[in-house]
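Report on the structure given below.
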Amino acid sequence: MTFPFFEILAGAAVFLISAAFSVTNVRSAADGIGSHQLPKRARANGMLRSIARLGVRRAGTSSAVDARYLRELKQANWHWIAGEPIPPDPHAPFWNIETLWAEKYLAAFTYACVTVAAAWLLLVLYELLPADSAVIASLAVAGMAAYFGWTAPDTALRGAAARRQRNIGLEMGYRLPELRSDVLAGRTVMSAMRELSRRPGGAFVEELRRVVLAFDVLKDEAAALAVLIDRNHNNEIVSEFVNQMTMAIVHGHEVNRVLNVLAAAAQQRLLQQVAVQGRRNAQEMGRPLAAGSVLILALLIMLPASFTIGSAMF
Numbered sequence: 000m001t002f003p004f005f006e007i008l009a010g011a012a013v014f015l016i017s018a019a020f021s022v023t024n025v026r027s028a029a030d031g032i033g034s035h036q037l038p039k040r041a042r043a044n045g046m047l048r049s050i051a052r053l054g055v056r057r058a059g060t061s062s063a064v065d066a067r068y069l070r071e072l073k074q075a076n077w078h079w080i081a082g083e084p085i086p087p088d089p090h091a092p093f094w095n096i097e098t099l100w101a102e103k104y105l106a107a108f109t110y111a112c113v114t115v116a117a118a119w120l121l122l123v124l125y126e127l128l129p130a131d132s133a134v135i136a137s138l139a140v141a142g143m144a145a146y147f148g149w150t151a152p153d154t155a156l157r158g159a160a161a162r163r164q165r166n167i168g169l170e171m172g173y174r175l176p177e178l179r180s181d182v183l184a185g186r187t188v189m190s191a192m193r194e195l196s197r198r199p200g201g202a203f204v205e206e207l208r209r210v211v212l213a214f215d216v217l218k219d220e221a222a223a224l225a226v227l228i229d230r231n232h233n234n235e236i237v238s239e240f241v242n243q244m245t246m247a248i249v250h251g252h253e254v255n256r257v258l259n260v261l262a263a264a265a266q267q268r269l270l271q272q273v274a275v276q277g278r279r280n281a282q283e284m285g286r287p288l289a290a291g292s293v294l295i296l297a298l299l300i301m302l303p304a305s306f307t308i309g310s311a312m313f
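So this is what it looks like as structure tokens:
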């Protein structure tokens with residue numbers, strides 16, 4: 000008689016799910032968690048909503064981690080709170096600290112559930128392992144899947160932030176000359192930024208729209224420009240642009256000269272990034288050709304060798 004691992008596991012799972020529902024139903028009215036704090040996929044499903052609420056309550060317990068998440072949310076243009084003048088990226092899977100933590104819990108839970116079910120079916124139906132060993136193996140695989148699910152939102156956020164910051168640097172290479180031309184035509188700095196923000200554009204133009212809106216509220220050019228640094232932390236190109244422009248505005252330096260230097264530097268960076276991306280694309284194009292050549296050579300060598308060995312054996 001074998002020890003009933005699976006029966007105990009199933010009973011424990013039912014108990015934990017029931018307890019989670021009970022605790023959530025009791026606290027849902029008192030914890031102040033609204034639908035706007037939950038990811039979209041968790042709003043219509045009771046179990047997912049319960050798991051997401053655990054993540055929402057987790058937010059705010061680690062100031063250092065939450066501060067890093069907040070910086071990356073702003074860098075990726077995924078951050079959204081009440082009163083934001085411009086909506087974030089509509090494709091953002093989460094939009095604040097609460098929904099990020101909720102998504103981490105949801106991803107870990109769903110990855111683990113799907114993986115443990117699939118592993119159990121494969122191991123038991125195909126009789127690869129005994130039932131007791133299949134439970135242990137399934138739980139081990141589910142644990143690894145839960146870890147990948149837990150870190151998946153972090154990876155997605157980090158990648159989106161890096162892409163957007165890179166795009167801002169690329170766009171500044173050809174937007175700053177436009178800004179310089181408008182200033183040379185007689186516009187003030189904020190008037191030129193307002194005109195540029197009205198044109199179609201990418202990430203940098205979106206950031207200029209926020210600067211213009213901040214200036215309309217604060218009536219302070221330096222404070223409005225500081226919005227760029229707050230939303231694009233550790234972006235050297237943006238920091239240099241803001242610092243140089245602020246120095247020119249505060250100390251009365253000629254903005255034209257500052258913009259000339261900034262535009263030349265931005266265009267030089269743009270050319271360097273394009274050259275690096277070109278070399279990278281060339282390397283990526285060569286990989287499929289190399290893989291195809293290796294496959295063809297392997298087939299040309301292995302097939303005759305297989306026939307020769309088969310003929311010799313039979």
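Counted from 1, the sequence shown has number 275 at position 276 by numbering that gives the first Met the number 0; the numbering is strictly sequential. By construction, the Cβ of each residue, glycine as well, lies at the ideal position given by its N, Cα and C atoms. Just so you know, these numbers come straight off a predicted model, no measurement behind them.
Grouping DSSP H, G and I as helix and E and B as strand, with all else coil, what is residue i?
i      : result
Ile50  : helix
Arg70  : helix
Ile295 : helix
Asn280 : helix
Thr187 : coil
Pro87  : coil
Gly201 : coil
Trp94  : coil
Phe75  : The sequence as given places Ala at residue 75; Phe does not occur at that position. Note: Ala75 maps to coil in three-state DSSP.
Arg42  : coil
Pro129 : coil
Glu194 : helix
Leu253 : Note that residue 253 is Glu in the sequence shown, not Leu. Three-state result, Glu253: coil.
Leu175 : helix
Leu37  : coil
Which residues in the same chain have their Cβ closer than 8 Å to the Cβ of residue i, if we skip the five residues on either side of it in sequence?
i      : result
Leu195 : Arg174, Glu177, Leu178, Asp181, Val204 and Leu207
Val241 : Leu224, Ala225, Leu227 and Ile228
Arg157 : Glu71
Pro38  : Ala51, Pro92, Phe93, Thr98, Ala101, Glu102 and Leu105
Phe147 : Tyr110
Arg40  : Leu47 and Leu105
His232 : Arg70, Lys73 and Gln74
Gly291 : none
Asn259 : Arg179
Is the beta carbon of residue j closer than 7 Å to that of residue i?
i      : j      : result
Ala118 : Ser132 : no
Arg57  : Trp100 : yes
Met189 : Glu220 : yes
Ile50  : Tyr68  : no
Gln243 : Val254 : no
Leu261 : Leu169 : no
Trp79  : Pro87  : yes
Val211 : Arg193 : yes
What are the boundary residues of the alpha helix (DSSP H) that includes residue i?
i      : result
Ser61  : Segment: none, Ser61 is in no alpha helix (DSSP H) and carries neither H nor E.
Ile80  : Run containing Ile80: none; DSSP gives neither H nor E here.
His250 : Glu235 to His250
Glu220 : Glu220 to Arg230
With a CB to CB cut of under 6 Å and the five nearest residues on each side skipped, what residues in its chain are close to residue i?
i      : result
Gln266 : Gly172
Leu53  : Tyr104
Ala140 : Per the sequence presented here, residue 140 reads as Val, with Ala not at that position. Result list for Val140: Thr114 and Ala118, in chain order.
Ile167 : Ala202 and Phe203
Ala247 : Val254 and Val257
Asn234 : Gln164
If you compare alpha carbons, which of the options is closest to residue i?
i      : options                        : result
Ala75  : Ala160, Pro86, Val55 and Ser61 : Ala160
Pro84  : Ala213, Ile236 and Trp149      : Ala213
Ala263 : Val210, Arg209 and Ile236      : Ile236
Arg163 : Arg230, Val134 and Ile135      : Arg230
Using a Cβ-Cβ cutoff of less than 7 Å, which residues in the same chain neighbour residue i once the five nearest sequence positions on both sides are dropped?
i      : result
Ala145 : Ala107, Tyr110 and Ala111
Ala151 : Ala106
Val249 : Ala221
Gly10  : Residue confidence for Gly10 is low, a pLDDT of 44 falling below 50, so the modelled location carries little weight and cannot support an answer.
Thr245 : Ala221 and Leu224
So, is the C-beta of residue i closer than 7 Å to a C-beta in chain B?
i      : result
His250 : Among the chains in the structure shown there is no chain B, since it carries only a single protein chain.
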